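FYI, the numbering for the sequence shown is 312 to 1459, going by the numbering used here.
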Amino acid sequence: MFCSKKKSLEVERIVKANDREHNEKFQYADNCIHTSKYNILTFLPINLFEQFQRVANAYFLFLLILQLIPEISSLTWFTTMVPLVLVITMTAVKDATDDYFRHKSDNQVNNRLSEVLIDSKLQNEKWMNVKVGDIVKLENNQFVAADLLLLSSSEPHGLCYIETAELDGETNLKVRHALSVTSELGADISRLAKFDGPDTKLMQNSGKTKFKRTSIDRLMNTLVLWIFGFLVCMGVILAIGNSIWENQVGDQFRTFLFWNEGEKNSVFSGFLTFWSYIIILNTVVPISLYVSMEVIRLGHSYFINWDRKMYYPEKATPAEARTTTLNEELGQIEYIFSDKTGTLTENIMTFKKCSINGKIYGEADDGMGQKTDVTKKNEPVDFAVNPQADRTCQFSDHRLMESIKLGDSKVYEFLRVLALCHTVMSEENSAGQLIYQVQSPDEGALVTAARNLGFIFKSRTSETITIEELGTLVTYQLLAFLDFNNIRKRMSVIVRNPEGQIKLYSKGADTILFEKLHPSNEDLLTLTTDHLSEFAGEGLRTLAIAYRDLDDKYFKEWHKMLEDANTLIDERDERVAGLYEEIERDLMLLGATAVEDKLQEGVIETVTNLSLANIKIWVLTGDKQETAINIGYACNMLTDDMNDVFIISGNTAVEVREELRKAKENLFEQNRSFSNGHVVFEKQQLELDSVVEETITGDYALIINGHSLAHALESGIKGDLLELACMCKTVVCCRVTPLQKAQVVELVKKYRNAVTLAIGDGANDVSMIKSAHIGVGISGQEGMQAVLASDYSFAQFRYLQRLLLVHGRWSYFRMCKFLCYFFYKNFAFTLVHFWFGFFCGFSAQTVYDQWFITLFNIVYTSLPVLAMGIFDQDVDDQNSMDYPQLYEPGQLNLLFNKRKFFICMAHGIYTSLALFFIPYGAFYNVAGDDGQHVADYQSFAVTMATSLVIVVSVQIALDTSYWTVINHVFIWGSVATYFSILFTMHSNGIFGIFPNQFPFVGNARHSLAQKCIWLVILLTTVASVMPVVAFRFLKVDLCPALSDQIRRRQKAQKKAKPSRSRRPQTRRSSSRRSGYAFAHQEGYGELITSGKNMRAKNPPPTPGLEKTLYNSTSWIENLCKKTTDTVSSFSLDKTVKLLLQIGLEILC
């Protein structure tokens, strides 16, 4: 691992089929998959190296070495050794457990069996043993072992259909052709292994497993260095004091200590004292801090795993925290990078509505003249009369069935187009049912809709298409197939019906097809356009349907020109496209279809809530632009209310730069009135000023395709891209590669210094998931590659809002409170030694009993702070979801930062002063109740220790927002434990057994029996906590935070929770056209007409697409209304601060 050579780039690979001996000479990679980080030999060195990258661990190792030197150590070595080993061991066990599961997943994949041709016969071989050049036989529905070259297939002409769900999340089929020279070898020999293991596309796209640390971890490294510097300063001060004391006072004690003259000079004494105080004062950052952090993170991870509201019952899939070190980072996310297919959508298309001859089907009148959605009101149409109907699909408008029964010719023709104009292939399953194999799920939805309505596509050959029209088999002669491509955005077929008429049937994007219509369609066009706008406003994917009657003579002339054009070598595509344009004109409009690309349940709500939480969502997808835009509108990432949508589609770096420049100019021009013309952009820079972003008052979106993105990611342009993208509410990157996804994430990570999250479900998302601070995998039907590479996984996108707004926010809130309290109590605990040094001759004597120093962080104060760090919450989970603005403090890093650290430090210093000087002043020349002196060292130590335990216990009680039985038991139980151990260690019995280890015999019983001691403890406690109580009372009363307001409301709602009214649903109108999502590449038209994919025998149909759920949006208005009332003052304050900041810049 450490000595591996960099692999040179392969230009070509020459392989001999079925010749392992020859191929092994080239030392190709084996087919064993490795996603794990360690093995038995490398675990210890790599894991220790990673752990000691934490400055604190290295710091404690250094202290341990110092404690082994008896001349300078006043504490025993085990006080540091035991906690350090405990932390290292716990972290190592956790990392080993995580990696064990990675190994387990790898073994499951590596041990899958495939049939390999070895010694002229097929043998079962494990995937990890498949070699480059092996000939592998694959069967239907079998996983693919490596990157393979198709040699032959049981399908006609060496074709096979593959599903790439594990790679890109898409369940529609792709066609692969066998090599012409091997296609006739037979069905038994299938594929040749080309690339194995780490050389496969999947592993090449996966990227390296990175060691991820949270921003709090990185801040802690900085703070530990600062604390160490502070420690050194205190050590230097006390060492100088010791040297001065030794020089002026210490000489007088040499006679009593039997020292020889010159044996110990003052400078050397100060040097030794410096290191002694470094050891004594090291408890300001105890090793128990890191133990506690790991325990708290582990607890938060279990809460995620146990959350029933993130459990997906349909597939029995719970949420899973696959790492335990990143939980608080979930509460600081600013950018989400999401895949589309299988992540936002289920990749299931459902026929929802249609417009035929100016009449909408899919809506009904409610009896009061208002249109309603019939899918909500009426019973679904009963397709039981059609034995070949797909039972999983529902359509609720009975009027369409009535029109079919009445013999409406326009409806017949409309359904005929759906049944004839497509590239769907049909086959029979083992039960004799008709199965459709589709290139695009959209086509599957339309063909299935026609099937349910009585026009059933049955089979096809290279020259015919057979459909069943209302029980009658009809065969059409296929004369020409005018295939789809990204420029045409339409598809047509030319057929001859049994009556001898030649028909051109066409479907495509309405913006394209409407330009081809005959002028006589003007009235119908206007009506259909309105219907399309209505469909698009509901987020449905629309498609226009048209036809044309062709003259026999004209068609023959046109077909002859097409045949001639197909024989050309130069400009063939241009000539063919021109002929397509010529015949696809003067079309007669039939209507339009509306297909729902079924979003996963709760996607709209999740996107809206995350947007309200000030999280920007970028969609990075391999889909084409129209598809991505449709989904953007469907899930409310893109809206018609946006000020502008910038589309970047340049083909060169110069064009991309110019488009970005114009978009920025447009954006700034629209916001100039707000900035009053004073915002001047003199210099392009990657690190943007946050004030500039705040001046952008409107909502903007950026859409860029993969080709343009490749140019935009170049060093000279990426600054422009990042600046524009970060000022937009939504960014959609289309047709991007897995590598580009990772590059976009890295761009934001590097130059925005923002916490990022990537979420996806396919292997093409793995690189992006590994690049982001947090990687989330969707464990759906698209394979487990994304999950295996992720930090967190669950089954549905909607669980992301609960992961962030509840678990993430709570984890950040709890960890920050834990750290603030921990630093406070340890500064208060440790700095007492500093003050004591001025009264003990700077001798490095500890003010407390050594056992108290050992047990303070491990026993007396460990459990209460753990309870707070694991269970505390400012508001409950429902309010965390209802008020997404609560998430903002984490993004702004407000709860724990350098300023908060210094406040905790100052608080701890103040408490240490009270703890030391109040007892010191009270004991000065004071006698006890029995007339004896109480100002001895041991009584002083017991009084301060007792005061400290009570003060920090009262402080954590004040800090706790959410009380449980565990909190009560841990806090008050720790106080009781302290007194129990104190009296035990000061008892006569234990002194008799260990006289050298427990010298404070009888002191606790004697000291705590004095009333004045308890008065001193009470005075110290009040003086320590009263300023905090007063400050917090005034802050909550005069300047409450949003969480304070919601907590008040939450307490009030516990007595009487008001019912929430829901507003009636309103339809959103839109001027947008929702383009039809065809396949990503050119269709199968040429393949169909060639007859290469046809079997000799033709079958009949069933199955299909699942039931779709209606996505309601009325709740959004309630949510916006509810949050507006609560956060109005919060938003006003933010706006005033922004205006003041801009005003100051103008004055300057």
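Beta carbons: idealized from backbone N, C-alpha and C, even for Gly. No experiment lies behind these values; they were computed from the predicted model shown.
query, result
"Return the first residue and the last residue of the beta strand (DSSP E) that residue 621 is part of.", "Looking at the DSSP string, residue 621 is not in any beta strand (DSSP E), and its letter there is neither H nor E."
"Return the chain-ordered list of same chain residues with a C-beta closer than 6 Å to the C-beta of residue 331, the five sequence neighbours on each side being excluded.", "442"
"Buried or exposed, going by whether 16 or more other CB atoms sit within 10 Å of the CB of residue 1081?", "buried"
"Please determine if the region 1136–1146 and the region 585–603 are in contact, where contact requires at least 3 C-beta pairs separated by less than 8 Å.", "yes"
"Do residue 485 and residue 656 have their beta-carbon atoms positioned less than 8 Å apart in this structure?", "no"
"Using only the alpha-carbon positions, how far apart do residue 499 and residue 465 sit?", "In this prediction, residue 499 scores a pLDDT of 47, lower than 50, which makes its location untrustworthy; the coordinate-derived value is nonetheless stated afterwards. The straight-line gap from Cα to Cα measures roughly 8 Å."
"Thinking just about the alpha-carbon of each residue, which of 1010, 1328, 904, 1124 is nearest to the one in residue 950?", "1010"
"Report all residues from its chain with a CB closer than 7 Å to the CB of residue 829; omit the five preceding and five following residues, and keep chain order.", "897, 898, 899"
"Taking the alpha carbon of residue 726 as the reference point, which residue from 822, 745, 857, 1071 has its own alpha carbon closest?", "857"
"Express the C-alpha separation of residue 1076 and residue 421 in angstroms, rounding to a whole number.", "21 Å"
"Buried or exposed for residue 931, going by 16 or more other Cβ atoms inside 10 Å?", "buried"
"Residues in its own chain within less than 7 Å of residue 325 by CB, not counting five upstream and five downstream?", "none"
"Under the DSSP definition of a beta bridge, which residues are partnered with residue 1134?", "DSSP lists no partner for residue 1134."
"How long is the line joining the alpha carbons of residue 533 and residue 1124, rounded to whole angstroms?", "20 Å"
"Does any residue of chain C bring its CB to less than 8 Å from the CB of residue 619?", "In summary, chain C is missing from the structure at hand, where a single protein chain is found."
"For the beta strand (DSSP E) containing residue 1085, name the first residue and the last one.", "1085–1089"
"Assuming residue 778 contacts residue 767 (C-beta within less than 8 Å), just tell me the rounded distance between them.", "6 Å"
"Sorted by chain position, which residues of the same chain lie with C-beta nearer than 7 Å to residue 1282's C-beta, five sequence neighbours on each side aside?", "1175, 1264, 1267, 1268"
"Could you tell me the alpha carbon to alpha carbon distance between residue 864 and residue 825, rounded to whole angstroms?", "26 Å"
"For residue 688 and residue 672, what's the separation of their Cα atoms in angstroms?", "Residue placement at residue 688 is poorly supported in this model, since its pLDDT is 47, which falls under 50; the coordinates are not used for a value here."
"Buried or exposed: which applies to residue 1306, given that a residue is buried once 16 or more other Cβ atoms fall within 10 Å of its Cβ?", "exposed"
"Alpha carbon to alpha carbon, how far is residue 1181 from residue 637? Give it in angstroms, no decimals.", "15 Å"
"Sorted by chain position, which residues of the same chain lie with C-beta nearer than 8 Å to residue 1083's C-beta, five sequence neighbours on each side aside?", "648, 1056, 1060, 1067, 1068, 1069"
"In the structure shown, what three-state DSSP assignment does residue 550 receive?", "helix"
"In the DSSP assignment, find the alpha helix (DSSP H) that holds residue 1221 and state where it starts and stops.", "1209–1234"
"Does DSSP put residue 993 in a helix, in a strand, or in coil?", "Caution is warranted here: a pLDDT of 35 is assigned to residue 993, below 50, making its placement in the model unreliable, and the coordinate value is therefore given only provisionally. In this structure, residue 993 counts as coil in the three-state DSSP scheme."
"For residue 648, does the three-state DSSP call read helix, strand or coil?", "strand"
"Let me make sure I understand the geometry here. Which of 665, 729, 743, 737 has the alpha-carbon closest to that of residue 1463?", "The displayed coordinates of the chain run from 312 to 1459. Any statement about residue 1463 would go beyond what the structure contains."
"Could you say which of 738, 1279, 756 lies nearest to residue 704 if we only look at CA atoms?", "756"
"Going by DSSP in three states, residue 344 sits in which element: helix, strand or coil?", "coil"
"Suppose only complete runs of 3+ residues qualify. What are the beta strand (DSSP E) ranges in the region 901–932, listed by chain order?", "927–931"
"Hey, residue 1087 and residue 1233: beta-carbon distance below 8 Å or not?", "no"
"Between the region 1279–1299 and the region 1181–1200, do at least 3 Cβ pairs fall closer than 8 Å?", "no"
"Residue 1048 and residue 1012 look like a contact to me (Cβ under 8 Å); what is the Cβ gap, rounded to whole Å?", "Between residue 1012 and residue 1048 the Cβ distance is about 22 Å, and since that is not below 8 Å, they are no contact."
"For residue 921, count neighbouring Cβ atoms within 10 angstroms of its own Cβ and tell me buried if that reaches 16, exposed if not.", "buried"
"Considering only the alpha carbon of each residue, which of 1065, 1100, 1090, 1089 lies closest to residue 1078?", "1100"
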